[in-house]
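Below you'll find the structure, written out as structure tokens, and then a few comments.
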Amino acid sequence: MHAALQYKDILNEIFDHLTARLEVSKYHRDTCDPNKYDQKALYNAAFTCTAFKEPALKQLWRHVTTLDALLGLLPSSVKAVSDISIPDRDNPAPEVLHDQRTVWIPDGPVNDAERARFVWYAQHIRVLHLRTARRIDPTVFQHLSHARLGTPLTPRLRALYSESDWPLYMDMAVGLLSGPALRTLALTFARADATVTDDWRLPLNRHLYAPRGLLADVAASAPLLESLTVHACAHASLLEPIGAMHGLRRLDVRAAQVPFGVDFLRALAGMDKLEELMLPNMFDARGAAPCSGFKNVRELTICGGARTVPALLAAMPDMHLCKLVLSNMICEDLAPIEAVAAALAAGPGVSLKELRLDNFSVGRALSRAPVSTLLAPFFALQGIRCLVLQSDDPLVISDEDFRKIGRAWPKLEGLVLQNTFDNLESVTPPIEGIIELANACPALDCVSFPGIGCGDVQHYAHDALRADTADEQTVGHTSEKITSQESKRANGEGFRRASKRAGEQTGGRANGRASKRAGEQTGRRAGERAGGRTSGRANERASRQAGEHRWPPAKVVVKIQFPNIAKWTETWVRSDAAHHRAALCVQLFFDHTIQVMKAGLADKCDYGRKAGFARRFAGAGCPDNPCGTLGVD
């Protein structure tokens, strides 16, 4: 017999779909709090009717942001009291008494009703934060461990996060909560300068010596743990029990900020499943010898500079890195970069595909150095597919930089050049270099440059162009026959004449025209007048903007298409300043000219002006802000 679906089953499915983003996922990456909008919807559903109450509460308790919620389920056995002086006056206000309740203490045995309620709620918790508004007396954890509430207290807990400097008895709390279902754990310990008798952390601060025993207990109770993050620690030797976590895939100790040596590396060498490793730039190379056992590590992140990176790479020679992230580097000269590049080329970085330089900063000697000079030491790594350079200083980008990058990394698929701070003055890249980079790297499908603001623009379809051009075909685009119409054309008739001449230059194959009066129909007819070779449909939104005078008549923004990058499906140009972005589908932006390039053409651009890419959009009467010239509010 087949059991019929009950209403609770249907409601569980509905609420489960509603709360898919409560936990950390690709939809919700915040590990601190659940999605508040979904949580509010569940809260309202719980009060709708009796049938909705239980399914909604199950979902609400999947992500618990404070340990106070768990302790609040046991009102007769655990209570909050005051351990500080109360104002000496008659009949103090209730809110005053409430504010003075600063510590949880045990207050009697757990009765059966509270035990059943605690077990019911605790079994639904998937994510829990060790956060509390009050301190917890250590006897509370001992009380809970003997109250027959289950082992562990949260049997389905998958992610456990500890907050900074809390709880004082974190090892007790984690020991009671972690179990076989645990997959993600984040711990915060005290640094070496913390004192055991700190008056601000009463009772005694046990953080200094707690990590070793706690990590050993977690390794035994959570054998399937996949991700571990450790923030701060007194000494690297306290972290060595991590080596017993054989199922670990991701280890992040970059915020531990303690020197570590080869002994710590040997402790990690037996972790066969480890794929992602994050370390501080504090490797002590004294007495270091090559240590094998890191052949499965594919991603390495070093935080705090690159001074010890060459020695670290030499100590782990069997790594085959696919991704390297260097964070918070400060380079007075090229020597640190050259040392890292040489160490990568010696073995660990032979298969490197992605390179990230986050929060990169240079000294005065390199302040005016072009981007290619900073990246030149890495040009020996031929397999680079993605490069991300996030600089704390303004980036100097020229045509020659793109030429060098294209020649060094012809397999490049992504190029991201960003500024860490939005208010930096950026030198925007010229379009000639972008064209040459596109020709040199046919697989490039993601680009981002600083200081380029893009708004809503006209979109011209390219189905026929894609059909006429093979993806592997390379057509060299120079800069002679494609002409840029000058910004001085300030009326619609001038633009129509310009676009007509642009069509004549391509042999009559493209006779597209667009103006503020043509509106939406102009884009549809552009393809028909091109003999069916291009569809030329204008984006309705951009057409409306042109008709509504969102920018002067001379500022109709159009695009150029390039056959050799016809397989680009989506390319993003981001604005670090205004956070506007526009999709570039196998085409690049250009002002006043609609040019549809065919496979047999090898045209050359004569731009006339040597301004940056964003500045090419500027015209008479237009503001200096690139975003403003594109009609962005």
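With the numbering used here as the guide, the letters of the sequence shown map in order to residues 31 to 663.
Glycine included, C-beta positions come from ideal geometry on N, C-alpha and C.
query, result
"DSSP beta-bridge partners for cysteine 30?", "An answer regarding residue 30 cannot be provided, because it is not within the stretch 31 to 663 covered by the chain."
"Could you round the C-beta distance between tryptophan 134 and alanine 110 to whole angstroms and report it? I think they count as a contact, below 8 Å.", "6 Å"
"Just list the residues that DSSP pairs histidine 154 with in beta bridges.", "BP columns for histidine 154 are empty, so no partner."
"State the beta-bridge partners of phenylalanine 290 as determined by DSSP.", "Phe313"
"Over what stretch of residues does the alpha helix (DSSP H) that includes phenylalanine 171 continue unbroken?", "168-175"
"Under 8 Å by Cβ, that's how I've got leucine 254 and proline 210 pegged, so tell me the actual separation to the nearest angstrom.", "6 Å"
"Whole alpha helix (DSSP H) runs in the region 346-406 with 4 or more residues, listed along the chain?", "365-375 and 401-405"
"Glutamate 270 and alanine 240: beta carbons closer than 8 Å?", "no"
"Just reading off the alpha helix (DSSP H) that leucine 304 is part of, what are its end residues?", "Element bounds for leucine 304: n/a, residue is neither H nor E."
"Based on DSSP bridge pairs, tell me the residues matched to tyrosine 191.", "His159 and Ala216"
"Taking the alpha carbon of aspartate 398 as the reference point, which residue from Leu425, Cys321 and Gln420 has its own alpha carbon closest?", "Correcting the residue type first, residue 398 is arginine in the shown sequence and not aspartate. Checked all of Leu425, Cys321 and Gln420; the closest Cα to arginine 398 is Leu425."
"Mind the definition here: the region 347-358 touches the region 329-337 only if three or more C-beta pairs lie below 8 Å; say whether that holds.", "yes"
"Could you tell me the boundaries of the beta strand (DSSP E) in which asparagine 449 lies?", "444-449"
"From histidine 622 to lysine 441, what does the alpha carbon distance come to, in whole angstroms?", "Because histidine 622 carries a pLDDT of 26, less than 50, the predicted location of this residue cannot be relied on, and no value is offered for it."
"Just to check my reading of the structure: methionine 303 and leucine 278 have Cβ atoms closer than 8 Å, yes? What is that Cβ distance to the nearest angstrom?", "Position check: residue 303 holds lysine in this sequence, whereas methionine was assumed. Indeed, because the Cβ distance is near 7 Å, the residues count as touching under 8 Å."
"Per DSSP, which residues does aspartate 282 bridge with? Please list them.", "Thr259 and Met308"
"Taking the beta strand (DSSP E) that alanine 34 falls in, what are its first and last residues?", "Looking at the DSSP string, alanine 34 is not in any beta strand (DSSP E), and its letter there is neither H nor E."
"Rounded to whole angstroms, what is the Cα-Cα separation between phenylalanine 432 and serine 251?", "53 Å"
"Checking 8 Å against the spacing of the C-beta atoms, do threonine 305 and valine 327 come in under that value?", "The question names threonine, but residue 305 is glutamate in the sequence shown. Yes, the Cβ-Cβ distance between glutamate 305 and valine 327 is below 8 Å."
"Going straight from the alpha carbon of lysine 180 to that of valine 149, what length do you get?", "The question names lysine, but residue 180 in the sequence shown is glycine. In a straight line, the C-alpha of glycine 180 is about 7 Å away from that of valine 149."
"Run the CB neighbour count on aspartate 201, radius 10 Å, all protein chains shown included, and call it buried at 16 or more, exposed below.", "buried"
"To which residues of the same chain is histidine 261 closer than 6 Å at the C-beta, ignoring the five residues directly before and after it?", "Thr218 and Ala285"
"How far does the beta strand (DSSP E) with valine 418 in it extend, from its first residue to its last?", "416-421"
"Based on the DSSP secondary-structure assignment, which residues constitute the bridge partners of lysine 109?", "Ile135"
"DSSP three-state call for valine 477: helix, strand or coil?", "strand"
"Name, in chain order, the residues that DSSP records as bridge partners for histidine 93.", "Val157"
"Measure the C-alpha to C-alpha separation of glycine 243 and proline 105 and round it to an integer number of angstroms.", "31 Å"
"Hey, out of Pro366, Phe290, Arg156 and Ala376, whose CA is closest to serine 391's CA?", "Pro366"
"Using the Cα positions of valine 108 and leucine 101, report the straight-line distance between them to the nearest angstrom.", "7 Å"
"Helix or strand or just coil, what does DSSP make of arginine 164?", "coil"
"I'd like to check one pair, isoleucine 414 with leucine 385: are the Cβ atoms closer than 8 Å?", "yes"
"Apply the 10 Å Cβ neighbour rule to isoleucine 435 and answer buried if 16 or more other Cβ atoms are within range, or exposed otherwise.", "buried"
"Output the boundary residues of the alpha helix (DSSP H) element that contains asparagine 469.", "461-470"
"Can you tell me the Cα-Cα spacing of proline 136 and glutamine 172, whole angstroms?", "9 Å"
"Do you know whose CA, among Pro407, Ala189, Thr132 and Arg280, lies nearest histidine 159's CA?", "Ala189"
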